[in-house]
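Data first, discussion second: the structure below is written as structure tokens.
Protein chains: 2
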Amino acid sequence: MKPIKFSIIKELQGKLGRAGTLETPHGVIPTPAFVTVGTKATVKALSTDDVKNTGADVVLANTYHLYLQPGDERVKKFGGLHKFMNWFGPIMTDSGGFQVFSLGAAYGKNLNKVISITDPSRLISERSMDHEAPRLATIGSDGVSFRSHLDGSLHYITPEKSVEIQHNLGADIIFAFDECTSPSETVAYQEEALDRTHRWAKKSLEYHKSKINSESQALFGIVQGGREENLRKRSAEFIGRMDFDGFGIGGSFAKEDMSTAVLWVNGVLPKDKPRHLLGIGEPEDLFMGVENGVDLFDCVAPTRRARGGTLYTEEGKINIGNAQFVEAEGPIDPRCGCSTCKDYSLGYLSHLYRSKEMLASTLGSIHNLYFITNLVKRMRQAILDDNFEKLKTDFLAKYLK
Amino acid sequence: MKPIKFSIIKELQGKLGRAGTLETPHGVIPTPAFVTVGTKATVKALSTDDVKNTGADVVLANTYHLYLQPGDERVKKFGGLHKFMNWFGPIMTDSGGFQVFSLGAAYGKNLNKVISITDPSRLISERSMDHEAPRLATIGSDGVSFRSHLDGSLHYITPEKSVEIQHNLGADIIFAFDECTSPSETVAYQEEALDRTHRWAKKSLEYHKSKINSESQALFGIVQGGREENLRKRSAEFIGRMDFDGFGIGGSFAKEDMSTAVLWVNGVLPKDKPRHLLGIGEPEDLFMGVENGVDLFDCVAPTRRARGGTLYTEEGKINIGNAQFVEAEGPIDPRCGCSTCKDYSLGYLSHLYRSKEMLASTLGSIHNLYFITNLVKRMRQAILDDNFEKLKTDFLAKYLK
């Protein structure tokens, strides 16, 4: 018995996009769908009732964070993530690879500590900006060692260990351990990292299949390959050929590379399994992804933005700190159906943000999550109704104006 | 037409306590009742739906805070507090006196800046501990001047101004401007302050009666007098004789003085009007107050404690930071009917508090408010059922053990 069942209901004509359903042991996810991120087994500032009311069908928690605190063994003792966090719908966990590598590898400006790959205990980065990043991540031949950001304790994660942790956490959908590279790495390094990701995918899958959990938890393999067409396609072929239940598309993208990378990959991946574009959630990127055959997305942006005071509207993002909102009696977006827009004015939200009241983060997160989750639901409906292109054109014309 | 109607349903035999109803323009408050504090027009970390679900019948907002931010005129433009904060049940506002004086006057250790009372522009205190305390509060003959903790701007509050602000805020029940003294002041100062409070009560009432708002907003006079029997009784007689809609009992009490002060005052105040013991909310004090004829209580303790990780149970307060709760699979209190106890384990709460997640404050506040609000509801029911004494004895035996 497979733990999940994916069915395509309708396809976008001339494109890779499709609307479908993904049945999991904890309920059906109509796809495409936005997956709400609850890093530490909590969607920041929201109760699970709040999360449900944003329209969320599925939540993703982070393996790296939960492994360190409160520990996957403890979550298992509590009966798994669903019971622990009081979310009885579908749950996903990532592999921990993104945090261990990419936080450690430090994007952009922070590359000063990257050291030669020829050394097997290569120091990737010591990142001081993000206090939750692992310290001193080091690649060994079988896995990666790092120090906890909480207490400096030393940890070593292998593909088998990552899957074991995810078995303990007990999500409906889990991911193979992968290396998420920085786009600034050399092609040679991307290739080496990709080979490692592929070896680790095999090990993750073998370990998973050897356990009874594979009957109740689905394992997705992750396609990497950076911005290189041949690497992306090679990865999609390699990972796509394996007996995964679905696929993740990983990597950190420059905006302009994203649609080509997604097209390369989804043109190769088997059509009949779900595809998750990892860590992406801006409206324009969601349209791109859905159009090009992505079924699932997750991103911290809606909640992180909300805590910072940036709120989505159909006419673009607004900053609630702006003086014009102090006296605004209307809601964030009159077209929005979320409980924040129904009950609270921009002026009141402005007061809460200026007073640094916690409720500001709660109400802002409810709105942003509803906005993004509902936007993907509208895309799905538009595929079913044969008017995806119109929705995309109309929405982006207003949103990006 | 009076804006409120108070009816006594049943009295405690041989005591001053009573159960009743207080009808306000925004709904009925069954009394005795605990009033939930929403300082800045928000109960910290809770949406108004959350507040409703704790069983709250009435909310109290703070005039001092709202006058400074966002400003009472702005709240009025939004249609008043009910609409502004999305709470359509009864609302009370305090007079601002407590904040202006007592935060400024600095309890306990912080008395270094108290200067002679003979100087009419006497400096009460410059308080550095509480960042929301007014700066440099100074008593003039008609009112008090202070600097805003937000921007250092200078403000002068008179009794008329306090009532005007409260008219703009639009609560169902408002309070006369008073001086809340520190118990460490001399008797001579208590007496002088009490005369001032009485003069200001008259001015507050006169101003209120001259406005149409007196038809939709009830004004409560405040009894002061510190720990002095003659002053408390004199104040209860003076204030009780005036045409207020109800009464507040103000002051900061040493625990052992509280019940005597309440008895002195409620023995004198007219029986047919509601009495509010200001700023008190510990379970043992609530029993004492109810027994001695108090109808309303408010206190920040339930929410402030929750944010700090102290949670009420029938067997006493617990600190969620304690290691024993890390693996606890049961709720905070198995007898509690709140949504936190229904949905979340102590172990999960422990994880949220240790991870410094905002949801910790939300779930803890829901529990503490439900616990305290419901405890007073049980006292009311016990009066109706003729078993108040039993409830008190049984509860306190477990709670204080």
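From first to last, the protein sequence lines are chains X and R.
Under my numbering, the first residue of the first sequence is numbered 1, with each subsequent residue one higher.
Under my numbering, the first residue of the second sequence is numbered 1001, with each subsequent residue one higher.
From the three backbone atoms N, C-alpha and C, an ideal C-beta is built for every residue, glycine too.
Predicted model, so just to flag it, every value in this text is computed and none were measured.
Self-check item: Contact with chain R by residue 86 of chain X, beta-carbon distance below 7 Å
Solution: Looking up residue 86 of chain X in the first sequence gives position 86. It does: the Cβ of residue 86 of chain X has a partner Cβ on chain R nearer than 7 Å.
Quiz item: Where do the N-terminal and C-terminal ends of the alpha helix (DSSP H) with residue 298 of chain X fall, by residue?
Solution: In the first sequence, the residue the question calls residue 298 of chain X occupies position 298. Taken as a continuous stretch (DSSP letters only), residue 298 of chain X belongs to no alpha helix (DSSP H), being part of the beta strand (DSSP E) at 296-299.
Quiz item: Which residues in the same chain have their Cβ closer than 6 Å to the Cβ of residue 1218 of chain R, if we skip the five residues on either side of it in sequence?
Solution: Here the question's residue 1218 of chain R lines up with position 218 in the second sequence. Within the same chain, residue 1218 of chain R has close Cβ partners 1003, 1004, 1173, 1245.
Quiz item: Can you tell which of X:187, X:239, X:71 has the C-alpha that lies nearest to the C-alpha of residue 161 of chain X?
Solution: The residue labelled residue 161 of chain X in the question sits at position 161 within the first sequence. Ranking X:187, X:239, X:71 by Cα distance to residue 161 of chain X puts X:71 first.
Quiz prompt | residue 221 of chain X in three-state terms, based on DSSP | solution = Taking the first residue of the first sequence as 1, we reach residue 221 of chain X at position 221. Correct three-state label for residue 221 of chain X: strand.
Quiz item: Roughly how many whole angstroms lie between the Cα atoms of residue 1169 of chain R and residue 1084 of chain R?
Solution: If you number the second sequence from 1, residue 1169 of chain R lands on position 169. If you number the second sequence from 1, residue 1084 of chain R lands on position 84. Going from the Cα of residue 1169 of chain R to the Cα of residue 1084 of chain R covers about 9 Å.
Quiz item: How about residue 1061 of chain R: is its C-beta nearer than 7 Å to some C-beta of chain X?
Solution: The sequence position of residue 1061 of chain R within the second sequence is 61, counting from 1. So no, residue 1061 of chain R is outside the interface.
Exercise. Assuming residue 55 of chain X contacts residue 373 of chain X (C-beta within less than 8 Å), just tell me the rounded distance between them.
Key: Along the first sequence, read from residue 1 onward, the residue named residue 55 of chain X stands at position 55. Along the first sequence, read from residue 1 onward, the residue named residue 373 of chain X stands at position 373. With 8 Å as the limit, residue 55 of chain X and residue 373 of chain X qualify as a contact, their Cβ atoms being about 5 Å apart.
Exercise. Report the residue ranges of all beta strand (DSSP E) runs contained in full by the stretch 301-338 of chain X; include only those spanning at least 3 residues, in chain order.
Key: 310-313, 316-319
Quiz item: Name the chain X residues whose beta carbon is nearer than 7 Å to that of residue 1207 of chain R?
Solution: In the second sequence, residue 1207 of chain R corresponds to position 207, counting from 1. Those within 7 Å of residue 1207 of chain R in chain X number zero; the least Cβ separation is about 27 Å.
Quiz item: Should residue 1032 of chain R be flagged as near chain X, meaning a C-beta pair shorter than 7 Å?
Solution: Counted from its first residue, the second sequence places residue 1032 of chain R at position 32. Residue 1032 of chain R does not count as touching chain X.
Practice problem: Classify residue 1354 of chain R as helix, strand or coil using the three-state DSSP reduction. | Solution: The residue you call residue 1354 of chain R lines up with position 354 of the second sequence. In the structure shown, residue 1354 of chain R sits in a helix (DSSP, three-state: H, G or I).
Self-check item: Any non-hydrogen atom of the ligand MG closer than 6 Å to residue 267 of chain X Cβ
Solution: No copy of the ligand MG occurs in the structure displayed, which carries no ligand at all.
Self-check item: Own chain residues within Cβ distance below 8 Å of residue 69 of chain X, not counting five before or after
Solution: For the purposes of this step, residue 69 of chain X is taken as residue 69 along the first sequence, with counting starting at 1. Cβ neighbours of residue 69 of chain X beyond the five flanking positions: 40, 150.
Practice problem: Look at the alpha carbon of residue 1106 of chain R and the alpha carbon of residue 285 of chain X, and state the distance between them as a whole number of angstroms. | Solution: Locating residue 1106 of chain R in the second sequence gives position 106, counting from the first residue. Locating residue 285 of chain X in the first sequence gives position 285, counting from the first residue. Confidence in residue 1106 of chain R is poor, its pLDDT being 41 and thus under 50, which makes the residue's placement too unreliable to answer from.
Quiz item: Can you tell me whether residue 36 of chain X is buried or exposed, with buried defined as 16 or more other CB within 10 angstroms of its CB?
Solution: Within the first sequence, numbered from 1, the residue matching residue 36 of chain X stands at position 36. Label assigned to residue 36 of chain X: buried.
Quiz item: Three-state secondary structure (DSSP) at residue 25 of chain X?
Solution: The residue you call residue 25 of chain X lines up with position 25 of the first sequence. Coil, per DSSP.
Quiz item: Does any CB atom of chain X fall closer than 7 Å to the CB of residue 1064 of chain R?
Solution: Looking up residue 1064 of chain R in the second sequence gives position 64. For residue 1064 of chain R, the answer is no, since every Cβ of chain X falls outside 7 Å of its Cβ.
Quiz item: Should residue 1212 of chain R go down as buried or exposed, given a rule of 16 or more other Cβ atoms within 10 Å for buried?
Solution: Against the second sequence, residue 1212 of chain R aligns to sequence position 212. Exposed.
Quiz item: If residue 1298 of chain R and residue 1269 of chain R are in contact, beta carbons under 8 Å, what's the gap, nearest whole angstrom?
Solution: The residue you call residue 1298 of chain R lines up with position 298 of the second sequence. The residue you call residue 1269 of chain R lines up with position 269 of the second sequence. The Cβ separation is near 18 Å, so there is no contact.
Practice problem: Confirm, please, whether the CB-CB distance from residue 1357 of chain R to residue 1345 of chain R is below 7 Å. | Solution: Within the second sequence, numbered from 1, the residue matching residue 1345 of chain R stands at position 345. Within the second sequence, numbered from 1, the residue matching residue 1357 of chain R stands at position 357. No, the pair does not count as a contact, with Cβ atoms beyond the cut-off.
Quiz item: Is the stretch 375-385 of chain X touching the stretch 59-67 of chain X, taking contact as three or more C-beta pairs under 8 Å?
Solution: no
Practice problem: State the DSSP-derived secondary structure class of residue 277 of chain X, mapped to helix, strand or coil. | Solution: Position 277 of the first sequence, counted from the first residue, corresponds to residue 277 of chain X. Three-state DSSP puts residue 277 of chain X in a strand.
Quiz item: chain X beta carbons: is any one of them nearer than 7 Å to that of residue 1045 of chain R?
Solution: Locating residue 1045 of chain R in the second sequence gives position 45, counting from the first residue. Yes, residue 1045 of chain R lies at the interface with chain X (some Cβ there is under 7 Å from its Cβ).
Quiz item: Are residue 177 of chain X and residue 97 of chain X touching if we call contact CB-CB under 7 Å?
Solution: Here residue 177 of chain X corresponds to residue number 177 of the first sequence, with the count starting at 1. Here residue 97 of chain X corresponds to residue number 97 of the first sequence, with the count starting at 1. Yes.
Exercise. Look at the Cβ atom of residue 17 of chain X, then the Cβ atom of residue 7 of chain X, and state whether they are nearer than 7 Å.
Key: Here residue 17 of chain X corresponds to residue number 17 of the first sequence, with the count starting at 1. Here residue 7 of chain X corresponds to residue number 7 of the first sequence, with the count starting at 1. Cβ distance not < 7 Å, so residue 17 of chain X and residue 7 of chain X don't count as in contact.
Exercise. Measuring alpha carbon to alpha carbon, tell me which of X:52, X:312, X:82 ends up nearest residue 334 of chain X.
Key: For this step, residue 334 of chain X is matched to residue 334 along the first sequence. If we check each option's Cα against that of residue 334 of chain X, X:312 comes out closest.
Quiz item: By Cβ distance below 7 Å, which residues in the same chain neighbour residue 1208 of chain R in space, the five residues on each side in sequence not counted?
Solution: Locating residue 1208 of chain R in the second sequence gives position 208, where the first residue counts as 1. Around residue 1208 of chain R: 1163, 1214, 1219.
Quiz item: Is residue 1232 of chain R near residue 1264 of chain R, with beta carbons less than 7 Å apart?
Solution: Sequence index remark: in the second sequence, residue 1232 of chain R carries index 232 (1-based). Sequence index remark: in the second sequence, residue 1264 of chain R carries index 264 (1-based). It is a contact, given that the beta carbons lie within the stated cut-off.
Quiz item: Whose Cβ in chain X lies nearer than 8 Å to the Cβ of residue 1078 of chain R?
Solution: By 1-based counting over the second sequence, the position of residue 1078 of chain R is 78. Per Cβ cutoff of 8 Å: 329, 345, 347, 348.
Exercise. Could you check the C-alpha separation between residue 210 of chain X and residue 254 of chain X for me, to the nearest Å?
Key: Along the first sequence, one-based indexing puts residue 210 of chain X at 210. Along the first sequence, one-based indexing puts residue 254 of chain X at 254. Looking at the two C-alpha atoms, the distance is approximately 38 Å.
Quiz prompt | Per-residue DSSP class, three states only, for residue 1201 of chain R | solution = Locating residue 1201 of chain R in the second sequence gives position 201, where the first residue counts as 1. DSSP places residue 1201 of chain R in helix when its eight states are reduced to three.
Quiz item: Ends of the alpha helix (DSSP H) at residue 1064 of chain R?
Solution: Position 64 of the second sequence, counting from 1, holds the residue named residue 1064 of chain R. Note, residue 1064 of chain R: alpha helix (DSSP H), 1063-1068.
Quiz item: Using 8 Å as the threshold, is the stretch 1361-1370 of chain R in touch with the stretch 1292-1311 of chain R, meaning 3 or more CB pairs across them?
Solution: yes
Quiz item: Should residue 1042 of chain R be flagged as near chain X, meaning a C-beta pair shorter than 7 Å?
Solution: Here residue 1042 of chain R is taken as the residue at index 42 of the second sequence, counted from 1. So, interface residue.
Practice problem: Could you list which residues in chain R have their beta carbon closer than 9 Å to that of residue 74 of chain X, in chain order? | Solution: Here residue 74 of chain X refers to the residue found at position 74 when the first sequence is read from its first residue. Near residue 74 of chain X (Cβ distances below 9 Å), the residues of chain R are 1326, 1327, 1347, 1351.
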